[in-house]
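Colleague: So the sequence shown is numbered by UniProt numbering: it starts at 1 and just counts up by one.
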Amino acid sequence: MEWLIIALAAGGGGLATRWWGRRRTGLRERSEQVAGVRALADEDVTVLGEQLARLDSQVAGHELDEETRIYYQTALDAYESAQRSVPLIRYPDDISKVTDTLGSGRYALACVQARVAGEPLPQSRVPCFFNPQHGPSAGTVLWTSPGHGTRTVPACAQDAARVANHEVPEVRKVRIGSRQVPYWEAGAAYAPYGEGYFASAGLLIWAFQAETPIGGFDAGAGGHGLLGDGHGFLGGGHGGHDGGGHGGHDGGGHGFLDGGGGFDGGGGDGGF
Numbered sequence: 001m002e003w004l005i006i007a008l009a010a011g012g013g014g015l016a017t018r019w020w021g022r023r024r025t026g027l028r029e030r031s032e033q034v035a036g037v038r039a040l041a042d043e044d045v046t047v048l049g050e051q052l053a054r055l056d057s058q059v060a061g062h063e064l065d066e067e068t069r070i071y072y073q074t075a076l077d078a079y080e081s082a083q084r085s086v087p088l089i090r091y092p093d094d095i096s097k098v099t100d101t102l103g104s105g106r107y108a109l110a111c112v113q114a115r116v117a118g119e120p121l122p123q124s125r126v127p128c129f130f131n132p133q134h135g136p137s138a139g140t141v142l143w144t145s146p147g148h149g150t151r152t153v154p155a156c157a158q159d160a161a162r163v164a165n166h167e168v169p170e171v172r173k174v175r176i177g178s179r180q181v182p183y184w185e186a187g188a189a190y191a192p193y194g195e196g197y198f199a200s201a202g203l204l205i206w207a208f209q210a211e212t213p214i215g216g217f218d219a220g221a222g223g224h225g226l227l228g229d230g231h232g233f234l235g236g237g238h239g240g241h242d243g244g245g246h247g248g249h250d251g252g253g254h255g256f257l258d259g260g261g262g263f264d265g266g267g268g269d270g271g272f
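(1) Can you give me the Cβ contacts of T101 inside the same chain, cut-off strictly under 8 Å, excluding the 5 residues immediately before and after it?
(2) Alpha carbon to alpha carbon, what distance is there between L76 and Q180?
(3) When DSSP labels each residue in this structure, what does R106 get in the three-state scheme?
(4) Could you check whether V47 and A189 sit closer than 8 Å to each other, using their CB atoms as the reference points?
(5) Round the Cβ separation of G196 and T68 to the nearest angstrom and send it over; I've been treating them as touching at under 8 Å.
(6) Would you report the Cα separation of F129 and I95, rounded to the nearest angstrom?
(7) Can you tell which of N165, V153 and P120 has its C-alpha closest to the C-alpha of G194?
(8) Classify S178 as helix, strand or coil using the three-state DSSP reduction.
(9) Would you check if the distance between the CB atom of A164 and the CB atom of G139 is smaller than 8 Å?
(10) Do you know how far the Cα of A114 is from the Cα of E66?
(11) Report the CB separation of R106 from P136 in whole angstroms; it is logged as a contact under 8 Å.
(12) To which residues does DSSP link V141 through a beta bridge?
(13) For C111, which of L121, A60 and T74 has the nearest alpha-carbon?
(14) Which whole-angstrom value is the C-beta distance of N131 and V171, which I expect to be below 8 Å?
(15) Have a look at the DSSP bridge pairing and note the partners of K173.
(16) Work out the CA separation of S178 and G225 for me, nearest whole Å.
(17) Taking C-beta to C-beta, are R90 and V174 nearer than 8 Å?
(18) Distance, Cα to Cα, H134 vs C156?
(19) In the DSSP assignment, find the unbroken alpha helix (DSSP H) run with L121 in it and report its ends.
(20) For the candidate residues G149, V141, Y72 and D44, whose alpha-carbon lies nearest to that of Q158?
(21) Apply the 10 Å Cβ neighbour rule to S57 and answer buried if 16 or more other Cβ atoms are within range, or exposed otherwise.
(22) Span of the alpha helix (DSSP H) holding G76?
(23) Contact check, T144 vs A108 under 8 Å by CB: the rounded distance?
(24) Run through the DSSP bridge pairs and tell me what P127 is partnered with.
(25) What residue range is occupied by the uninterrupted alpha helix (DSSP H) comprising A191?
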């Protein structure tokens, strides 16, 4: 009888050891994911700070009217709010609040630049898909990525020109182990990064579904969503920059594809 008790105790101890080992592994992996997500957010905040510093030199000597000052203050407030939020990130999902705030700040910054230059205010659009640090998109392009097919994505003017010239756009990348990969291929832990910038942009929601029947971001990706691994960017609603609910992609052009079509930066209330 004693041997049975000893055997049961040993077996229970083994199970407890394995359970604790798995728990420690899970905690370590989550800690690494949170650290990676926090670093991603911190980099974006730093870039906005640098953009604001350059803006300060641009507006020097200009008398700003009340509306421009409001935009300027909005950009500064967004930067400071995002800066405070980064250390508070405890879970990967927390980054979506930071990216949403940064998106608002970048749009306000673009408005200040336009006012100082005497240009019309830019439309309120989602950021450049290739790298949200580039600020609000200028329109959409048709872009083909190996393994993901051809899709329509919002792009800044510079990246749109690169695509039109068959050049590689400047893609926001994330370090995963020893590799640098596009943020949309970084795995489920990084999905909230895209959610904060894009998921609530009305017509873009379908683009971040785990499975999309045809077209868009998933075309040619086997119906596995933007990540290509069955996850996709799908999350709760965050404030976006979709033009207050106006019109579709652009109400017109087809973007760039092998030099054809045209850049869809216009279209009135159309666009993202």
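Note that CB positions come from ideal geometry on N, CA and C, so glycine has one too.
Modeller: In short, the structure shows the following:
(1) Cβ neighbours of T101 beyond the five flanking positions: A78, S81, A82 and S85.
(2) If you take the alpha carbons of Q180 and L76, they lie about 31 Å apart.
(3) Of the three classes helix, strand and coil, the one that applies to R106 here is helix, per DSSP.
(4) Not in contact: A189 and V47 (Cβ atoms no closer than 8 Å).
(5) Contact between G196 and T68 does not hold, since the beta-carbon distance rounds to 27 Å and is not under 8 Å.
(6) Answer to the nearest angstrom: the Cα atoms are 17 Å apart.
(7) Looking at the Cα atoms, V153 is the closest of the given residues.
(8) Coil at S178, not helix or strand.
(9) No, these two residues do not count as a Cβ contact at 8 Å.
(10) CA-CA distance, E66 to A114, rounds to 14 Å.
(11) Rounded, the Cβ-Cβ distance is 6 Å, consistent with contact.
(12) DSSP output for V141 lists V153 as bridge partner(s).
(13) Answer by Cα proximity: L121.
(14) So it is a contact: roughly 6 Å between Cβ atoms.
(15) DSSP output for K173 lists P182 as bridge partner(s).
(16) Reliability of the predicted coordinates at G225 is poor, the pLDDT of 36 falling under 50, and the value obtained from them is presented with this limitation in mind. When rounded, the separation of the alpha-carbon atoms in G225 and S178 is 24 Å.
(17) No, these two residues do not count as a Cβ contact at 8 Å.
(18) Cα to Cα, H134 sits roughly 7 Å from C156.
(19) Neither: L121 is in no alpha helix (DSSP H) and is coded neither H nor E.
(20) It is V141.
(21) By the 10 Å Cβ count, S57 comes out exposed.
(22) Looking at the sequence shown, residue 76 is not Gly but Leu. Membership of L76 in the alpha helix (DSSP H) is indicated by the continuous run E66 to S85.
(23) Contact flag wrong, Cβ pair sits at about 33 Å.
(24) Paired residue(s): P136.
(25) Looking at the DSSP string, the run of the alpha helix (DSSP H) that includes A191 is A191 to G194.
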